[in-house]
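One structure below.
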Amino acid sequence: IWGTSPDSIDTAEDRERFEAILRELDIKQPPNGMARSYNDALQVAQQIDYPVVVRPSYVLGGRAMEIVYSDADLERYMTYAVLVEPDHPILIDKFLENAIEVDVDAIADHTGQVVIGGIMEHIEQAGIHSGDSACSLPTMTLPPEALATIRDWTKKLAKRLSVIGLMNIQFAVKGDQVYIIEANPRASRTVPFVSKAIGHPLAKLAVRVMSGKTLAELGFTEEVIPHHISVKEAVLPFDKFAGTDALLGPEMRSTGEVMGIDADFGKAFAKAELGANQKLPLTGTVFISMNDRDKVAVIPVAKELAEMGLKLIATSGTRAALMDEGLDVNLILKVHEGRPNIEDAIKNNEIQLIINTPAGSTALEDDRSIRRTALAYKVPIITTIAGAKATASAIHSLQQHPLQVKSLQEYVGM
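Everything in the sequence shown is counted per the numbering used here, starting at 96 for the first residue and increasing by one.
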């Protein structure tokens, strides 16, 4: 087998072996544990406190991965997950709410040299599967100290695992603290995106390294930080399946990816959204409905949208929170409150954008119904605060100047 040895791959996948290496290298990870039964899982979850992320080991695409908020949810999950992977333990990690997730792709050779291909900052918060999350390269909001830690840990871990070829590591940054989520000594789905963003063919370089070449021989010895901004967006299949819910979570649901490039983040994000068949409105009405935890966080976004001339409409609870901040917001009824309600407004083409975050561990039936109607009538819907912020930035950029197109070669200097 060329490249990274099977033993190193197993070390990264086996929770106990991997944790031993993290302790040795003094690399932080969220509080966690393993379980093979509901009683084991209950003990771990109560020790590290809810919410927790639960998943089987040795799975791809976040299959059977969930955020669990209670003992009852955990019992239901354990019954299902054991059917998915009966021979491997269930991994349980503390869920870091409102953390920023970061993806890193790197290449290492047999001499121990490690070069970072790209550091990507996810736009959606930690808890959304990396395959479903939009991300930007270079990073937009991470402090220099966090980036320095991420670079240091990436290189230490690649050397300690004796990686030869590509490696992908996922981190979470909460405040000034960095945590490692997982490390995969293999190519990731982000490699094509990073290669186009930086102008270097990472897969080709990795294969040459796996065949015995060094990074120095290949002339790839330093991380490339582009002057332009690249945004990757997931293509989601919801409009192809009637009755599905557009809510994103830890289990991957996307069926493809697109990217947008520009000198300005808002325009790069807008291009990516267009590529994913999401046409952002420059005028019209925005419907906002938030769970209680997000009502304060959405206020700056709502103010920005109002300043750009978009009208705001909301259900009673969200409207009260926005009006307390001096915003002019029209009231609309929830589905169960009577007619005309929000679904009627969507069907009558009175809503051009929806910002809706779910309530608690499971989306309320009203929210689910709104998202399904929005899909049916092709109204863009955003289900995270971070996504709403990026969307507001994109609308602002589009209002200022129309999009312009340049070739990829012009950006990366090919």
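Don't be surprised by glycine CBs; every beta carbon is placed ideally from N, CA and C.
Problem - Beta-carbon proximity check, A469 vs I441, cutoff 9 angstroms - result: yes
Problem - Expected contact under 8 angstroms - CB spacing of V273 and A253 to nearest Å - result: Contact doesn't hold; Cβ gap of about 16 angstroms is too wide.
Problem - Assigned secondary structure, G455 (DSSP; H/G/I helix, E/B strand, else coil) - result: Bear in mind that a pLDDT of 48 at G455, under 50, signals an unreliable position, so the model cannot answer this.
Practice task
Could you pull out every unbroken alpha helix (DSSP H) segment of at least 4 residues lying fully inside the segment 257-344, listed in chain order?
Solution key: 286-293, 297-305 and 310-313
Exercise for the section: Helix, strand or coil for V179, going by three-state DSSP, please let me know. Expected result: Confidence in V179 is poor, its pLDDT being 47 and thus under 50, which makes the residue's placement too unreliable to answer from.
Exercise for the section: Kindly list the residues whose CB is nearer than 7 angstroms to the CB of V286, restricted to its own chain and excluding five residues on each side of it in sequence; keep chain order. Expected result: D200, L261, L297 and A298
Exercise for the section: Would you please verify whether the beta carbon of I446 is less than 9 angstroms from any beta carbon of chain D? Expected result: Going by chain labels, chain D is absent from the structure shown, which holds only one protein chain.
Handout entry: CA nearest to the CA of D198, picked from D105, P321, D419 and E277
Key = E277
Exercise for the section: Measure the C-alpha to C-alpha separation of R434 and L428 and round it to an integer number of angstroms. Expected result: 7 angstroms
Handout entry: DSSP-derived helix/strand/coil call for K366
Key = helix
Practice task
Grab the span of the beta strand (DSSP E) containing N444 for me, first residue to last.
Solution key: DSSP places N444 outside any beta strand (DSSP E), giving it a letter other than H or E.
Handout entry: Rounded C-alpha distance that separates H205 from R281
Key = 15 angstroms
Exercise for the section: Have a look at M235 and G351 and give me their C-alpha separation to the nearest angstrom. Expected result: 24 angstroms
Handout entry: Inter-residue Cα distance where the pair is Y145 and R466
Key = 27 angstroms
Handout entry: Beta-carbon proximity of P395 to K484, cut-off 9 angstroms
Key = yes
Practice task
In the DSSP assignment, find the unbroken alpha helix (DSSP H) run with E402 in it and report its ends.
Solution key: I394 to E402
Practice task
Could you tell me which residues DSSP pairs with E540 in its beta bridges?
Solution key: An answer regarding residue 540 cannot be provided, because it is not within the stretch 96 to 509 covered by the chain.
Problem - 9 angstroms Cβ cutoff met for E108 and M129 - result: no
Practice task
Pull up the distance between the alpha-carbon of L503 and that of K291, whole angstroms please.
Solution key: 8 angstroms
Problem - At least three beta-carbon pairs within less than 8 angstroms, the segment 488-507 to the segment 348-368 - result: yes
Handout entry: Cβ neighbour criterion (16 or more within 10 Å) applied to Y472
Key = Burial call: exposed.
Practice task
Specify whether the segment 303-310 and the segment 185-195 touch according to this definition: at least 3 beta carbon pairs, one from each stretch, less than 8 angstroms apart.
Solution key: They do not touch, by the three-pair rule.
Handout entry: Residues sharing a beta bridge with A371, DSSP
Key = Beta-bridge pairing links A371 to no other residue.
Problem - Any 3 or more C-beta pairs closer than 8 angstroms across the segment 417-424 and the segment 444-454 - result: no
Problem - 8 angstroms contact criterion, which P475 and L375 should meet: CB distance rounded - result: 6 angstroms
Handout entry: Close-in-space but distant-in-sequence residues of the same chain around P233 (CB under 6 angstroms, 5 per side omitted)
Key = I320
Practice task
Could you name the residues of the same chain whose beta carbon sits closer than 6 angstroms to that of W248, not counting the 5 residues immediately before and after it, in chain order?
Solution key: I122
Practice task
Go ahead and pull the three-state DSSP assignment for N134.
Solution key: Helix.
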